[in-house]
Amino acid sequence: MPGLDARGYGLLLAGAALGSVFGGLSGARVINRIRAPAALPAGLIVSAVAFVGIGPSPNATVLGALLAVDGFAVVLWNIVTVSLRQQFVPPQMLGRVGSVCKMLGWGLIPLGALVGGLVAHAFGLRAPYLLAGVLRGIALLAAMPVLLRVLRAPEVPGPPIRLA
1 MPGLDARGYG
11 LLLAGAALGS
21 VFGGLSGARV
31 INRIRAPAAL
41 PAGLIVSAVA
51 FVGIGPSPNA
61 TVLGALLAVD
71 GFAVVLWNIV
81 TVSLRQQFVP
91 PQMLGRVGSV
101 CKMLGWGLIP
111 LGALVGGLVA
121 HAFGLRAPYL
131 LAGVLRGIAL
141 LAAMPVLLRV
151 LRAPEVPGPP
161 IRLA
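Just so you know, full-length UniProt numbering puts the end of the sequence shown at 164, numbered straight through with nothing missing.
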């Protein structure tokens, strides 16, 4: 956000960090309450809405709150995806599948930074956030057939997700 000094920018990042920590501490309760398959689209919807809101955010307070909400949603997503991966991937394949997930997740960051920079240069500093929110919404729509199939499936008995 233009006009913020180093302290203000640090406070914005602290908002995202606080949301992430809260997501880590309360994520298991949320997931157990709404079921893991429902938590995936919920996390993506919340993150998409937060990013669409970040773009036109009127001030640093609203921006910090939206970053906190996104931090919570991202941690919720991570808890569910890693838990499901550990549950459904055969143990002998877990390392390879985890490596592919990390490679895709971390490997695409430079591409996202490049595209975000080009979008910001062409359309302004707020545009990449709007685009990110829209792309997260598109990702959710693309994943909905699989998510709906999983949501409609009978629940597999197993231990609830717990905090370590």
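From the three backbone atoms N, C-alpha and C, an ideal C-beta is built for every residue, glycine too.
- Judged by DSSP secondary structure, Val89 falls outside any alpha helix (DSSP H); it is assigned neither H nor E.
- Boundaries of the alpha helix (DSSP H) around Leu18: Ala6 to Ile34.
- Distance check between Leu63 and each of Ile79, Val119, Gly10 and Phe123 places Gly10 closest, using alpha-carbon atoms only.
- For the pair Leu118 and Leu108, the Cα-to-Cα distance works out to about 15 Å.
- With 16 or more other Cβ atoms from the protein chains shown falling within 10 Å of its own Cβ, Asp70 counts as buried.
- In the structure shown, Asn78 falls within a helical segment according to DSSP collapsed to helix, strand and coil.
- Membership of Gly117 in the alpha helix (DSSP H) is indicated by the continuous run Ile109 to Phe123.
- By the CB criterion at 8 Å, Phe72 and Ala132 fall outside the cutoff.
- By the neighbour-count criterion, in which a residue is buried when 16 or more other Cβ atoms sit within 10 angstroms of its Cβ, Arg152 is exposed.
- In this model, Leu148 and Gly3 are separated by some 44 Å (Cα to Cα).
- Counting only the Cα atoms, Leu135 lies some 10 Å from Ala142.
- Nearest C-alpha to Gly23 among Ser47, Ala113, Pro58 and Ser99: Ser47.
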